[in-house]
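Chemist:
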Amino acid sequence: MRLIGFNFNKISIEKKAEELSSDLKIKSNLDVLSIEKIDIGLSKEKEESLLVKFSYIINYDPNIAVIDLNGLIIISLDSKIAKDLLQKWKKKTIPEEIRVSLFNIILRKVNVKALELEDEMNLPLHVPLPRIKGENTPQDKA
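Under the numbering used here, the first residue of the sequence shown is numbered 11, with each subsequent residue one higher.
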């Protein structure tokens with residue numbers, strides 16, 4: 011699988027409460043909305059280009075904030091694999107070997123954007139960042 015293009019169509023963040031709840035739960039959901047064949051004239055022989063639309067939502071519960079990112083990616087696949095994927099997509103399924111690669115591409119892009127938005131809105135990060143701990147350094151609660 012080769013990534014040809016990536017674009018956000020919607021970037022939305024809404025902070026509904028200033029106070030964080032003690033029972034804060036951060037849930038994320040990645041959903042593929044559609045997969046279709048497109049002709050962009052860049053595919054190599056024996057490859058096909060597919061347009062994949064997606065939605066990625068992060069909910070801060072109970073009713074604290076929502077981040078909503080929608081976009082599309084264009085990928086190039088071997089023609090046989092692309093035809094199989096399109097056939098299975100008619101039943102809203104994606105073969106695991108394709109799904110894993112596809113989701114990893116999407117997650118790499120959306121998580122960077124979500125972290126940026128969370129920082130700007132002073133929300134807790136939905137994924138932990140690496141930290142350095144020293145022997146005599148107090149724990150940072152940021």
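We put the beta carbon where it would ideally sit given N, CA and C, even for glycine. In this text, all values refer to a predicted model and were calculated from it rather than measured experimentally.
Tell me whether the beta-carbon of I36 lies closer than 8 Å to the beta-carbon of Y70.
Modeler: yes
Chemist: Nearest to I104 by CA position, among E126, K123, E57 and L43, is which residue?
Modeler: L43
Chemist: Would you report the Cα separation of L30 and S89, rounded to the nearest angstrom?
Modeler: L30 and S89: Cα-Cα distance of roughly 49 Å.
Chemist: Can A92 and I23 be called in contact, C-beta distance under 8 Å?
Modeler: no
Chemist: Give the C-beta separation of L79 and V122 to the nearest angstrom, bearing in mind that I take them to be a contact with Cβ-Cβ under 8 Å.
Modeler: So it is not a contact: roughly 11 Å between Cβ atoms.
Chemist: If S38 sits next to H136, beta carbons under 8 Å apart, how far is it from one beta carbon to the other, in whole angstroms?
Modeler: So it is a contact: roughly 6 Å between Cβ atoms.
Chemist: In three-state terms, what does DSSP make of K56?
Modeler: coil
Chemist: Short of 6 Å in beta carbon distance, which residues of its chain neighbour I115, apart from the five on each side in sequence? Order them along the chain.
Modeler: For I115, where only same-chain residues beyond five positions count, the Cβ hits under 6 Å are L13.
Chemist: Any idea if G81 is buried or exposed, counting beta-carbon neighbours within 10 angstroms, 16 or more meaning buried?
Modeler: buried
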